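Protein sequence lines correspond, in order, to chains A and B. Residue numbers -11 to 329, in the working numbering, belong to the letters of the first sequence in order. Residue numbers -11 to 329, in the working numbering, belong to the letters of the second sequence in order. Ideal Cβ positions, reconstructed from N, Cα and C, are used throughout, including at glycine. Just so you know, these numbers come straight off a predicted model, no measurement behind them. See below for the structure under consideration.
2 protein chains.
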Amino acid sequence: LIRRNEEELIRWIESRGWPENAFVRRGIGDDCAVCRPAPGHELVVTTDLLVEGRHFLLDTTPAADLGWKIGAANLSDIAAMGARPVAFFLSAAFPAARQDLFAAVMDGLRAILSLHATPLAGGDLSAADHCCFAATVLGEAPAGRALLRSGARPGDGIFVTGSPGFAGAGLRLLAGGWRKTAPDRCADPFGRKRPGEGPEWDCLQKHLRPEPRLAEGLCLRDSGAVTAAIDTSDGIAKDLRQICVRSGAGALLDDARLQALIDGDRVTLADVLGGGEDYELLVTVDPAGEAALLAGFASRPGFPPLHRLGRIVAEHPGEVRLAAATGEVPLPVSGFDHFRP
Amino acid sequence: LIRRNEEELIRWIESRGWPENAFVRRGIGDDCAVCRPAPGHELVVTTDLLVEGRHFLLDTTPAADLGWKIGAANLSDIAAMGARPVAFFLSAAFPAARQDLFAAVMDGLRAILSLHATPLAGGDLSAADHCCFAATVLGEAPAGRALLRSGARPGDGIFVTGSPGFAGAGLRLLAGGWRKTAPDRCADPFGRKRPGEGPEWDCLQKHLRPEPRLAEGLCLRDSGAVTAAIDTSDGIAKDLRQICVRSGAGALLDDARLQALIDGDRVTLADVLGGGEDYELLVTVDPAGEAALLAGFASRPGFPPLHRLGRIVAEHPGEVRLAAATGEVPLPVSGFDHFRP
């Protein structure tokens, strides 16, 4: 793929075929996309900036996986609001001679956007010495129904979907040299485990091809019992702390519940609490609606488990503590921080 | 300004005070911003990615001017749709030790967003070796009324606002060493010429502190006579060609009209046709509504001139030609292109 100029590159992107919907009236090709919001709905908007060498390494992450991850990470923010994605925008800067890499990124992005029926509505292209991607996603939710970080109340249960810590464990595997060839994975963008593949595959897959919990987010929203939600992009400890800070409450994690999520050397407690890029949903649940929510969630085919982790408390607002047999231990503010000295 | 972590940086941003409106229900602080579209309106959405060394040089562009320009360039895309900006998102990556630079960028951005009553609704922060900024802007227009690039018809007049070419001339001045100190300019974010400042100031100001034509865009839209619109971020030749390509028509520029925009050595024909970052509005106008539009535009206090440049023709679709006394000359596809070898 070598296109001689920006216009040809844009036409190549358009020609790849992307999902369409009634929201995006005009996509790629004008100064702005033109979108038509559904009556009675609100929009949720998330943006993300990923820089080579900081957020991704091209020697461990195949470009198609990178495209998938950019999609997944941003769709996950929409999932955390209990919203439905309606438009995706991708801006990209990359070395002019690396159009092959850009094409693979777009193919990975197209795989996940197709899976979630989300149009590519626009973006911006430029050449640069290093790769850099910026994503914006718009989602829709009925007015006043979007899930926020700020609604947790003392007594609420704390739950997390799926397999927290697996992505962090997968990153360790990758850094240690365990990898699959990119073409294999591209042939199966859904990335299911195939015969003969060991448990490492689950962790690697979680790191390279995370699945945003969009259907789960809608189910949680519709239960009416979720009081606060966030996606676990920075690890449970840091993300739960965000709920605590924004809700003015504390969180008490049950040590035994956390131990149950550990898988020997493969997935450690550090992975569960501090591993990034899991893109699971971390929610607080009103006890009055909890039983119905759990039953409804468990009955949905293909849904992951919903693990109870602990509860929201009135004490130590803004702080997450671990309740063990020997007493309560404040969790350090862990998780990756770009600006910590 | 040294904040110890991302959370403190975000709180610093929030504390600076930004415009508010009814559209942005929840801004900074959740997984997504929550926005409420006005009934009967459509949204227009633009995104932009700016990389240090490609789109800006920090040794010639003071950081506050850079923040202003990021704002202006993106608001200009909203203006080109005849829309009103309702929410701005800025993602930034910069060296962790350069928080001073980031703060100045945010101050410049705040100056222009305040001027146009546009909230900062969210973004994303990370550390990186080089600076990189990604902007997303949402705008609103009555349903079906947004101006597009694709509506130009043979016979339509071609017009441009203000002072095309000035920004390109200003860039030349800057590259040649002519500059003002940044603190002076920051003290007057509106950047009006002050006593004793020569004509160079106009060009420099146009490059460093361009004014998006938002009020002009609304006036042009409301005239009902504008058939296509684009903002001149890449020079008239390239931008007008976009209108021609998307409208399936040709454009014939009047040499004498273009000559009138030239100002000796200061603003050359190359600046007018190929200079970037002017952020003027280039529109095509139905002859039936032209007289009323021109009269209405001229009557608005503070509006720039609206220069006639030529007309849309049925011949040579997708091509811009210059009509001179000696005949028609096709304009080369000029203007900056990241991917041209």
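Item	Value
Where A68(A) sits in the DSSP three-state scheme	helix
Any C-beta of chain B under 8 Å from that of E(-6)(A)	yes
Secondary structure of G179(A), DSSP reduced to three states	In this prediction, G179(A) scores a pLDDT of 48, lower than 50, which makes its location untrustworthy; the coordinate-derived value is nonetheless stated afterwards. DSSP places G179(A) in coil when its eight states are reduced to three.
Delimiting residues of the beta strand (DSSP E) encompassing P130(B)	C120 to P130
DSSP-derived helix/strand/coil call for V301(A)	strand
Three-pair Cβ contact test at 8 Å for the region 199 to 212 of chain A versus the region 257 to 265 of chain A	no
DSSP-derived helix/strand/coil call for F147(B)	strand
Residue interval of the beta strand (DSSP E) (run including L270(B))	L269 to V273
Option in K57(A), A216(A), L38(A) and A75(A) with minimal Cα separation from G110(A)	A75(A)
H43(A) (DSSP reduced to helix, strand or coil)	coil
C-beta neighbour in chain A for R4(B), strict 8 Å	no
Below-8 Å beta-carbon distance, R72(B) vs any chain A residue	no
Those residues which DSSP pairs with E316(A) across a bridge	A311(A)
Given L304(A) as reference, the closest of L294(A), E2(A), G132(A) and R229(A) once Cα atoms are compared	As written in the sequence, residue 304(A) is His, which differs from the Leu given in the question. H304(A) has its Cα closest to that of R229(A), out of L294(A), E2(A), G132(A) and R229(A).
Contact list for H326(A) against chain B, beta-carbon separation under 7 Å	E(-6), A84, L113, S114 and A115
Under the three-state DSSP convention, the category V321(A) falls into	coil
Contact between the region 311 to 327 of chain B and the region 249 to 257 of chain B (3+ Cβ pairs under 8 Å)	no
Host beta strand (DSSP E) of D242(B) (start-end)	G238 to D242
Test item: CB-CB of D190(B) and T272(B) under 8 Å	no
Span of the beta strand (DSSP E), counted from its first residue to its last, around I218(B)	V214 to D219
Residue from P289(B), T49(B), L136(B) and G236(B) whose Cα sits closest to the Cα of A67(B)	L136(B)
Extent of the continuous beta strand (DSSP E) run through V22(B)	A21 to C23
Cα-Cα separation, I259(B) to S235(A)	For the sequence presented, residue 259(B) should be read as Asp rather than Ile. C-alpha separation (whole angstroms): 54 Å.
Boundaries of the beta strand (DSSP E) in which A99(A) is found, first to last residue	A99(A) -> not in any beta strand (DSSP E); alpha helix (DSSP H) instead, spanning Q87 to L103.
Outcome for T35(B) when other beta-carbon atoms lying within 10 angstroms are tallied against a minimum of 16	buried
Simplified DSSP assignment, three categories, for S211(B)	helix
Endpoints, alpha helix (DSSP H) assigned at R197(B)	Counting along the chain, R197(B) falls outside any alpha helix (DSSP H), and DSSP gives it neither H nor E.
Rounded distance between the beta-carbons of P50(B) and L63(B), thought under 8 Å	That belief does not hold up - the Cβ atoms of L63(B) and P50(B) are roughly 20 Å apart, past 8 Å.
8 Å contact criterion, which L281(B) and A213(B) should meet: CB distance rounded	5 Å
G17(B) (DSSP reduced to helix, strand or coil)	coil
D47(B) classed as buried or exposed, judged by whether at least 16 other C-beta atoms fall within 10 angstroms	exposed
8 Å Cβ cutoff, L136(A) in contact with chain B	yes
Residues near G132(A) in its chain [Cβ-Cβ closer than 8 Å; skip 5 each side]	E30
C-alpha gap between T215(B) and D227(B), whole angstroms	15 Å
Chain-order list of residues whose beta-carbon lies under 8 Å from that of D243(A) (same chain, five-residue window excluded)	L310, A311, A312 and A313
Buried versus exposed, by CB contacts within 10 Å (16 or more), A123(A)	buried
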